[in-house]
Each structure stands twice: as structure tokens, then as C-alpha cells.
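Here the protein sequences line up with chains A and B, keeping their order. Residue 760 in the numbering used here sits at position 379 of the first sequence, and the numbers go up by one each step. Residue 857 in the numbering used here sits at position 476 of the second sequence, and the numbers go up by one each step. Think of the CB as a built atom: it goes at the ideal place given N, C-alpha and C, for glycine as much as any other residue.
2 protein chains.
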Amino acid sequence: MHKIFYPNSVAVIGVSEQPDNLAASIVRNLLDFGYKGTIYAIGLQDGISHGIPILTSVGALPDDVDLAVILTPAATVPELLDACGRKGIRHAVIESGGFTEYSEGGRLLEERVTAVARRWGMRFVGPNCISVINMEQGLCLPFARLDPEAAKLGPVSVLAQSGGVSITYLILLSETGLGANKVVSMGNKADLDEVDYLAYLLDDPGTEVICLYLESIEQGRRLLELASSSTKPIVVQKANTGRASAQIAFSHTAALANDDAVVDAALQQAGMARAASFGDAVALAQGLTLPPVVGDDLLIISRSGGHAVVAADKAEAYGFRLMPITEGLAAQVRRLFRADVIAPTNPLDLGAIFDFELYGQIVERSLHALDPDALLLIHTYSSGPEASMSQRLARRLSELSRELEKPLAFCAFAQRHEVEALKGHTDLPIFTEIEAAVRALAISRDRHARSDWSPALPSMPANRSNKAEALLAHDGILTTDAALDLCASFDIPVAEWAVVRDVESALLAADSIGYPVALKGLSTEAPHKSEAGLIALDIANTEQLRGAFGGVVSALPEYDDRESASIMVQRMLPGGREVIIGGKQDPSFGPVVLFGMGGIYVETMKDIALRLAPLSRHGARQMMDELQGSPLLHGVGGEPPVDLEALVDVLVSMSRLLVTCPEVVEIDINPLLVLESGAAALDARAIVSSQRT
Amino acid sequence: MHKIFYPNSVAVIGVSEQPDNLAASIVRNLLDFGYKGTIYAIGLQDGISHGIPILTSVGALPDDVDLAVILTPAATVPELLDACGRKGIRHAVIESGGFTEYSEGGRLLEERVTAVARRWGMRFVGPNCISVINMEQGLCLPFARLDPEAAKLGPVSVLAQSGGVSITYLILLSETGLGANKVVSMGNKADLDEVDYLAYLLDDPGTEVICLYLESIEQGRRLLELASSSTKPIVVQKANTGRASAQIAFSHTAALANDDAVVDAALQQAGMARAASFGDAVALAQGLTLPPVVGDDLLIISRSGGHAVVAADKAEAYGFRLMPITEGLAAQVRRLFRADVIAPTNPLDLGAIFDFELYGQIVERSLHALDPDALLLIHTYSSGPEASMSQRLARRLSELSRELEKPLAFCAFAQRHEVEALKGHTDLPIFTEIEAAVRALAISRDRHARSDWSPALPSMPANRSNKAEALLAHDGILTTDAALDLCASFDIPVAEWAVVRDVESALLAADSIGYPVALKGLSTEAPHKSEAGLIALDIANTEQLRGAFGGVVSALPEYDDRESASIMVQRMLPGGREVIIGGKQDPSFGPVVLFGMGGIYVETMKDIALRLAPLSRHGARQMMDELQGSPLLHGVGGEPPVDLEALVDVLVSMSRLLVTCPEVVEIDINPLLVLESGAAALDARAIVSSQRT
């Protein structure tokens, strides 16, 4: 793929002398951005485009062209690509639209394009994209005219599913002062997709931070594996989260929607930061270029008391500790300032200081005296002398940050042109909103605090018991007994039960299990047992069992065969707390474990935690802590805590079940009863589909 | 107060020829901003400051000076203010620090300043502030040098508790293109406070939208009354929400923390928009200058498919409906474009259109054909010809918005200088983040959709029953029986009960009430009855009552007199749903009603709704709908709904109780049992303090 970003020569196909010709803009962009390689232009008619002669056939090219850039009507693309292949070109960028994103005919055309590329061993970007920019090389291939002044070379590379978004990122990264390295608009991803580009960028020396804008994630697990294989920070803006956006997303890049809660869990587990907007993504990238934040201790220094109050609010919201100012530092500040108007608080309000030299000294001494995990510096200043003093201060702060290897978030409030001017004097990122700065520090901290997690799954499912194999042999919804058997075969404790067909067998089973028992009519047609009268609880003795049995049988749906009705006799356990443990195979991210509090109150509240399998015991404990209702597990209102280790066991077993049985596409234990000692699954449901493996 | 904003002459006190003299910057700012009135300078030594002669005493001023601006050491302020009073000056701005925000001595000094002002009938701004700017008048009084280029005249006025923040607002409002009208940094608010300034600005013809930055709200109820008296939109950024920020907030402006959940509820009820940051406040102000959004139907038009996806996500998150494109409109677009590459979706993706004339036509026809409640237009463009076409488009769009009185949020993505240039060509606000634009439209919609609510409270509490008067006669914690009596006296239904002292009376009471009953030991010392064994439930008959009575008595704390133990015999009701209804007198906002789901699950979840009294039946229903757990009230899992009207009755009664009894500083009914028909308070607690009235 290297030749796509670093071609020695580029052939732009689709160029004409018409003033509104878009391919000619590609030639213009290459020239404007100072591309050093050779540029060829191909078009239907000969002529000159921006000084480059237009050749009228691909065959007229020399034999050593590295990259073809195609912007011609969709129908012409397969043939042109074939001609490129014949000419020995092995890399292409197809910018034309009119493929899968447009119509069924377009989809077929896209398949033809892919087939041609396969035949020649070509790799290509697109189609339906505005393509690739490599700022290191002056390679600027979008058909939209770009101003080289708007693009600054820097350490951040961008992969975007949308052309417009890739340009927005380029402009924002450049105007923020950070700068862009490589920018790719991926389009329909018929050949190369985010996984390919990401693999390249993770090895690319010029790329330090990667921003991904995605509307769909097809190979989620692979993406996580890649991200986990590198220490380069990755920021992800995942759009297309709602019903309304799905339609437009599909029509413009053929993207399908993901389960957004799974995306959230997956990105977090792999240590990728999720951005909420374009501006947020750029702010996070700024924060991730700083030295890592390795703890919660934050020092805030501000020239404005109001800004300091806002910063303290945000620091608290993002879980930072405002470390106390030591008496030693307070004494130093008093000595420096020869006065007592600075209160020894954190935030440290330096509003009374108009000498920025002194200000810089206080910052330096504070860093030495307190050794915070991060420093947030809020600098408000006016034009004139304060502006030039601020430039000196900014220089000094970048030296300090480098020297002490401390993350220093510099947040400037002044007229925009003054803030712009500041950027030339420091290599520190400059933030312009307090929350953005605090959030960027928090994201860096969270990234470095996260526990190692490997998204790798075994290539071959293994170690399945004969029991499990038998249960999974047929597709469909498992009845409660089968689902509980499946759970039990993965060491998940279940409440003792037996399945019977008549009342006499029920009585025998209940005697063996011990009263009280519950009766449950088994039917794959009636998932909500309690609503349908299929369940009878708290049966204390033989007499009650005789009384209840008939009712449960008659509640079975007509279409179940009542003569051979299956009734579960199940042991009832006293006390405990109901939870829900489940999981599914996400089409993109693979096995996911779900944990939530049970009971109708909590089902209404949607208090759940998600995590991708494989789940460690540590991960299982984190899931428990994430729930709002977690105090209930630890015991509230004088109640004893539940057996947390037993709960961890079940969560880890559920993870193992999902990893080992990819054909279990959905499973729920609802409820699992967690007791003071131990736990027991009372009811379960599972869907088996071997198609999905 | 008019003379503070529109003085014909200003005397700046504290001026010297020293280069670092701050008062001289005030003189400079007045000259730079083109103040048209007369400027006087007063200092210790005569001389010239920026061409203005420095007088050495206030006595040397002429007799008709409108406004004194004082920036001298705190200790000198009372005497100088007195001299101003003697000279007939009736308005002052005191910028000096060193008062209440600094020390106890400063607090006393501030009291002296206030006393002097009272004596002369003077009104003043500050102390400890950077004061007042009136862009209409070129009046620029901050001691920090400001660049007149950074300040644009516009329709938004700002009241800020912090000087630094007021300048940040001025710059952001100006750079956004909106512009500022009057800006006040209020400082310690020793005399004039936000209520005074707000009253002025609500009547000020130049002010269309008001932004408030507050770190404390002392007269919350009064603020709400003012806000409700006007149709001018008010945006509030309330900082100082956390524990950490309280300390710095206090030291810089002597601000105390408010209950943030009450602030949220109050602002929402009064139709004020709460901003999350400086940038958010300015974006909301932009949105509030548009014609009102009077419904949920949104049309999104975008030149970038990716931006459209992001916009659709946000639209959904903010509760907008993306109205379908009609076949008629689709046909018109096809005719205009003479092609079929535009899918008839909302968002409408016009990425394929490079002729902005056509683009403008499509916008116009869409507005006519669909008549949406709001239009979000996302305009991505490059430099060169697209930039000048964009300027023409922007002009056309402002005409369209005016003509059709439609809110049109224009969101531009281009190089910053191009977006800057655009601002000269349109009076539409220009947004630069999609979420900001959608949120601004949503805030406008919510403001216009809110139901009328009057924060007015009766000046004299009235209509209290003799029973209530007796219960409120003494301060302290009410026992359960007294608290239930208080509730009953406001028509809140309570479960039937009797208080007894011995088991024989208990048996008589239970016979009269009817079994099953509960026993509750009454003790003001033991608030958590169930934990202390003070409660016995489900007593089904005489025998059980005899058995339980002794246990409850012996569980009463040692320090309660067991010989005269008070035990409540209370009727037990079957079924129903437990909720919590309570309230308090907020020191700033007055009576507040609380509603939440009961039970330990929901107490852990903190699922509560707050609303200021007086509460209408409509408001009570809204509180119920706000809870995440509200489906439980409407019936889930086959359970019947509870008596919602009975619940509304209790909420409204609780509101009346709090309004009528300001000495009830806190009250909780926990639980209130809501039945299929009716409701009953089972337990209650109240704190009475006449000090608070």
C-alpha cells in the first residue's frame, strides 16, 4: 500500500480542458501542494491541463507509473482499470461515484471493478471517495480544490468514510495547529478498508495519532486486534447511530448500522477514545500528543477566577483530584510575588499577576513542588504587551513540558488572531474550550489506566462437551431446560430441576428436589412465561403441586402438544438478588457479554453493562461496578452482600460459552439468582444458528 | 441605573502617569472605543493621561458628572465614594479588589462602602470587578486593555460574575458575528446584583438576548419572576457546581454553592436555557436570535453525506423528526437538476451539486414544499469560486429566512478565513459545529413549547388549618404521626393509624382499623426504622400483635422514655407501587417538590424529578413522565397502572403544603403507596424551622 501514499508518479484519468472538469482539479491540487513526483493526465481529448499534456489513452503512459487516479463515469471504470492493469499499474484511487451507494446496477459494476483489480493484483481506494492526501509528499488527490495554506503537515492521520468529513478534519487539524499527516476518504471500501489503512498507519513513522471517522464497522474484531497491537493512540468518531441517519448513511456510502452500545464497549476495551464531534476528535488528538497522564492529580492555574471555577467543575466531573497547594509552594509564591493576594488554592488564581515572567516562574515552581499528574493552564490575556509576553510564556511552557515530561494542557482565551499567533511560538497544543482541555487530559489518563485486554479469539472453537455439542446440533430457540443444560455444561450453576410430563412424575421429582418448588410450562412459543400463566411459584407441598399442575398444562399454547406437555419442576431458593446475564454474537465485534440488575424496576431503568468476550475476572468485576445499581450487590439497607465471586464465575463462564459456541447467537439467563453464597440460574433462553458461524 | 450604561460624563479615579497604572487603561479604553461623553481623570498627582489632565481631587470635578469609576486601594474607597456623593455623583463603578472576597477586614470595608452609598442614594457596580461595557455608547470601563476590533456591537447583553469571563463572552460573541450590546462584570454585588441588571436589560431596547454567567444565585425566586415577566430569551451558564470549585469561587467572588439539581429545574421551568460552556452559551444565543422553532419537524440539507449522517444522529438525539421528502419536491429537484443522482431523503444530500445558484433554489423550494419547523443547512465548501458563490448563497438564505420567518441554522465548514468572510454577507448566525446548531434549534423549540409557569408566591402564607398551625408551632423534627397529620391537613391521604402506649390500646386500635396492621415505634432519634427493629409488618391477628408489640417497644432507643413509648398501629394496604414524594425550601429558589420511585432498587438509581412550587396538575404529570421508571406507574409486565390522578393530587397537595408552610424546611413521604385506586402515605418525616421564614 506504500505506493498509494508515496507514488513516484501519478496518472490522473478523466482530465479535460473544460473549466468545470473535476479531474483537472486533482492535477491543480498536486501542483499546488508541491507534489514532487511525475504527473500524467489522461482524457478523451488531447490538450493541456495546468501545464500537463493530456494523453488520450492509458496505453500512452510510460511503463513505470505507480498510481492511477480515476474520475470518470462509473460505467467506464472497469475497462479503464483493466487498461491500467495491463500497463503494469498496481495501485489505483477510484473517485467516481455511481456504484453500490447509488443503485443495484452500481453494485454489480462495483463487483466488476473488484474482479478486474483481483485479476491484476491491484489494490485500490474507493470507489465513491475524494481519496488520499499525504502531506509529507505533497500528494493531494481530492477532486475538490484545496488551499495549501489550509493544510499543515503534522503528526495526525485521518481515515474517514466520508470525503467531506476528511476535508473538515484536515482543516480543523491544521487550524488547531496540530497538523495532518495522511488523510484518506475511504468511500465504498470495495477493496481497501479501514483495517488495511489502519494497519498501514500503525506502522507509518510519520503518523503519531490516528483519527477514524466511521459510519459502519464491518470487521470490528479485526479493528480491535489491530488497535491492541500498537501503542499509537486512536480516536474514533462513529456516526450513524440512529434510525434516521441509517438511511442517508446507506445511500452515501452503503454503510449499515452497528449496535452502538457494543461499539462503545468495544472501543473502550481496546483503549480507543470515542469522539462526540469533529471538534471533540481534534481536541482528543491534541491531548493524545501530550506526554501521558498517569494519575488523577491535577493542578489548575488560571489568570481568571471565573475560568478557574469552570475548570474546577469540569475537573471534578471528569474524576480528577485537585491536589492541595503545599505550604512550601505557597511560601515560594508569596516570596516571588512579595504580596499576599494569591490564595493557596487549587485552582491557583493568578489574576493579580500582570508580569508573565513571574507567572512562568510560578508555573515552574508549582510543577516541581507538587509534581501533579497533569497541569491545566488557563491563560486569559489582552492584545498589546500582554500578547507578546504570552508568546514568551508559551515558549517557556513548551520547554517545561518537554523537560519534565509533564502533560500540560494550555487553554488560551484571547482574540482569535492573538491565539493564532501564539501557535507559532509553542509546540504545545492550544485548547480554546476548558471542557475540551479537561476531557483530553481525562482521555489520556483513562487510556493509560486501562487494563490490558486482548481481543484475540481462538481460530477454532474447542473443548465443547458432548452435552453442548448435542444441544447445539439443531438451529432454533432452545427451551428453558435445554438452555439451562447448555449453561450447566459451562459450569454455570442452575437451580435443580427435572422435566416431567404428568403430575405423578412431577410429585416424584418434587420429592427428590425438595419443596418448595416451582412449575414452569416449557414452550418455545411463549417467551413471557409469567404473563401467560405458564408458571406457578412457591409450591410448598404435594397438595399444592397437584392443584397447580393442571393450570400450568392448560396454559400451554394450543399449538404445543398438550398430551406430551413438558413441565419443569424446579427448586425454589430463598432470598438473593436477581440479575440478568446474557450475551450475543455481534455481527461485527463477535461475542459480547451483558450484565444487568434484574427485576422490573431495573429492566425499566436499562441499567446494563456490556463487554466483549473474552472476559477476565477483572473485567467481570468492572462490569459489576459500572452498574448504577451496583450498591445493591454490595448490600444496602442492612442487607448482606451477595456472593460477588460466584457472580464473577458466572460472567466468565458466560464469556467462555460465547467464545466456544459461536452458533449461540443470543443467550439470556433471566434471572440468575445471586445468593449470599453461590448463585443459580432460574430461567434461560438461547437462540442457536449455525448459519452465523 | 440608566446613567451607569449611558453616562454623559465619566470620572476615572486612580489615574497616574505610571506606565503600569491600571486606571489609565480605563481612560485608554474609553478613547479607543470612541466614548462620546466627557472623560475626567483623578489621581494623587497631577499630570496627563492619554491627553486627559489628571485632577488631584474629586472636589475639583464639575457638578454634573454622571458616573465615577474607582480603581484605588480598597482602604481608600469609602472616603473617595463619600467625596463623589458630596459632589452629586449618584452612580459609581468600583473596580478595586480587597473586599469580601479577600478577608474579614475586606468584608467590613465593603459594608462601609455600602453604607456610604446608601447615605448618598448612590447605586454602584462591584466592588472587585472589571465593570461595564456598553457597545452602543463606546463606554468601555474595564481596567484590562481591550482592542476595539475585538468587540462588535450586536443584540446580546452579558451579565457575568467574573471579569475574565465577561471578556471571554465579549470576544466570542463578537467573533461569532453576533455581537454584544452591554457587558457587565458584577464582582461582589455589594449593591447592584444580577436581579437589578437583569431588570434593566429586560427593558433595554438594544438587548434582544441575555447571557448570564453566575457562580451563585442568591435571589433565585426573584430571578425567575423577572425572567417570566419578559419574552426575551435568557441563557444561563451556572458554574460552581462541584465541591472543588466552591472554594475558588468563594475566594474570587464570595459566591456560595447552590443545589445544582434545583438550579436545573428552576431554569427549565422559567424557560431559561442552561449553557454547558462559554461556546455553548454563545451558540444558544445564536439560535435564540432566529425566528422561534415551533415544532419538531426538521429538514436537513447538506453538501456532504458524512456531515448529513452526523446531523441526523444529533437531530434524533435532540428529539427532532426528519420529515419525509414529498414526491412533489423530489420531482422538482429532479427537474432542476436534470438528473437522478439526488436521493429523496432527509437529510437531503446535495453533494453532487456544484452550482450554488441551483442549490439555493432547491433550499427555497424545499422550504415552500415541506414547510418544516426548522431548517439545518450544512454547507461545506472550498476556497476560490466556491467561496464567492457561498457568499451569494448566504445572502439569499438570510433573505429567505426573513421572508418566510423560518429558523434557518446555517452551519459552515470551510477554512476559517472563508467562514469569517461569509459573516459579512449574511445576518444569519453561522454555526461551526453540527451539534451546536441542532442543540440551538432544540433549545429554541423547547423554550416555545414549554407550558406557562408562574414563579410568583403569595406574599403572606394563608389558609392554614388549626391542625397545621399547631403542628408547626415548634421547631424540630416531626415524629411520623405528626408528619402524617401535617400531610393529612393538606388533603394528602394517609393509611389509617392510631398512636398507642400499651398493648391493650394497640389491640383496640387494630380492631377498629382492621387487620393486617403494622406497628411502628415512634422516635425522632431513629430515622431508619426498619434497620432498628422499630417496625413490625403484616400483623394478621390479635395473637401476632401481642407477640410483636414488646419487640417494637424494646427497640426504641434508651433515651426515649419507654414507659410512655409511642407506638403507631397502622393499617396495611395490599399491592400498589411505592413512590417518594417530598420537598424542601431552597434558600435561593424557595419551595421545591421532589418525586421519585420508591424501593431500594430505585433509591440506588437516584431516579428523581424536581420542580419548583407552585406545581400545576400539568407540571405534576410532567414530573411523572420525567422519571426513567415512569413505565412502572403506567403498568408493565401485565401489572395494572396505578391511580395516576391520585398521584397528581398528592404532588399538587405537597406543593401547596410547601408554599403555605415556609417553615417546613424539609419533608418526605417515603413511601407513598399508590394503589390501583387511590394512594396512601405510609411514613413521613418533616423538619420545622421558623428561623427560615
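Do the CB positions of B:A899 and B:I920 come within less than 8 Å of each other?
yes
Which residues, in chain order, does the stretch 689–713 of chain B contribute to contact with chain A at a C-beta distance below 9 Å?
A689, V690, V691, A692, A693, D694, K695, A696, E697, A698, F701, R702 and L703
Using beta carbons (cut-off 8 Å, strictly below), is B:S1083 in contact with chain A?
Summary: the structure shown does not reach residue 1083 of chain B, with chain B confined to residues 382 through 1074, and so no result is reported for it.
To which residues does DSSP link A:H760 through a beta bridge?
A:A793
Use the C-beta contact count for B:V675: other C-beta atoms within 10 angstroms, 16 or more gives buried, fewer gives exposed.
exposed
Cutoff 6 Å; reference A:A665; Cβ partners in own chain excluding five residues on either side:
Note that residue 665 of chain A is Leu in the sequence shown here, rather than Ala. Hits under 6 Å: V616, A654, A656, A821 and I824.
Am I right that B:L865 and B:E1044 are in contact with their C-beta atoms under 8 Å? What's the rounded C-beta distance?
So it is not a contact: roughly 18 Å between Cβ atoms.
Cβ of A:S512 within 8 Å of Cβ of A:V539?
no
Please list the partners that A:M1075 has in chain B, where partner means a Cβ-to-Cβ separation under 8 Å.
Here chain A comprises residues numbered 382 to 1074, so residue 1075 of chain A is not present and cannot be evaluated.
When the Cβ atoms of the stretch 882–896 of chain B are set against those of the stretch 856–871 of chain B, are three or more pairs found closer than 8 Å?
no
Local conformation of B:K468 per DSSP, three classes
coil
Minimum Cβ-Cβ distance from A:R773 to chain B less than 8 Å
no
Which parts of the stretch 382–435 of chain B are runs of the beta strand (DSSP E), unbroken and 3 residues or longer, counting only runs that do not cross its ends?
390–394, 419–423 and 428–430
Would you say B:Q399 faces chain A, with C-beta separation under 8 Å as the test?
no
Interface residues of the stretch 802–832 of chain B facing chain A [CB-CB below 9 Å]
T813, E814, I815, E816 and A817
Just confirm the distance between the C-beta atoms of A:D1024 and A:L1056, as a whole number of angstroms; I'd bet it's less than 8 Å.
6 Å
Kindly list, in the order they appear in chain C, the residues whose Cβ is closer than 8 Å to that of A:S658.
Here chain C cannot be found, since the structure's protein chains are A and B.
Can you give the Cα-Cα distance for B:L1013 and B:D584, rounded to whole angstroms?
47 Å
B:G487: buried (16+ other C-beta within 10 angstroms of its C-beta) or exposed?
buried
Can you confirm whether B:G545, when its beta carbon is compared against all beta carbons of chain A, has any partner nearer than 8 Å?
yes
Starting from the beta carbon of A:P1012, find every residue of chain B whose beta carbon is closer than 8 Å, and list them in chain order.
T985
Secondary structure at B:A635, three-state DSSP: helix, strand or coil?
Residue confidence is low: B:A635 scores 46 on pLDDT, short of 50, so the model does not pin down where it sits. Its coordinate-derived value is still stated next. Looking at B:A635 - three-state DSSP - the assignment turns out to be coil, as it is neither helix nor strand.
Short CB-CB distance (under 8 Å) between B:N621 and chain A
yes
Tell me which residues share the same chain as B:L534 and place their Cβ nearer than 8 Å to its Cβ, disregarding the 5 neighbours each side in the sequence.
M516, E517, G560, A561 and N562
Please classify A:H383 as buried or exposed, where buried requires at least 16 other C-beta atoms within 10 Å of its C-beta.
exposed
Measuring straight from C-alpha to C-alpha, what distance separates A:A635 and A:L522?
Legend: pLDDT at A:A635 = 47, less than 50; position of this residue unreliable, no value from coordinates given.
Thinking C-beta only, is A:V590 closer than 8 Å to A:L520?
no
Buried or exposed: which applies to A:H1075, given that a residue is buried once 16 or more other Cβ atoms fall within 10 Å of its Cβ?
Here chain A has residues from 382 to 1074 only, and residue 1075 of chain A is not among them.
Roughly how many angstroms separate the alpha carbons of A:Q796 and B:A405, rounded to a whole number?
22 Å
Is there a Cβ of chain B sitting closer than 8 Å to that of A:A635, yes or no?
Here the model assigns A:A635 a pLDDT of 47, short of 50, so the residue's position is not dependable and the matter cannot be decided.
At what residues does the alpha helix (DSSP H) containing A:Y740 begin and finish?
F737 to L751
In three-state DSSP terms, what is A:R1037?
helix
Which same chain residues end up closer than 6 Å to A:G478 when comparing Cβ atoms and leaving out the 5 residues on each side of it in sequence?
N509
Simplified DSSP assignment, three categories, for B:R882:
coil
Whole-angstrom distance between A:R624 and A:L442, CA atom to CA atom:
48 Å
Decide if A:Q649 is buried, meaning its Cβ has at least 16 other Cβ atoms within 10 Å, or exposed.
buried
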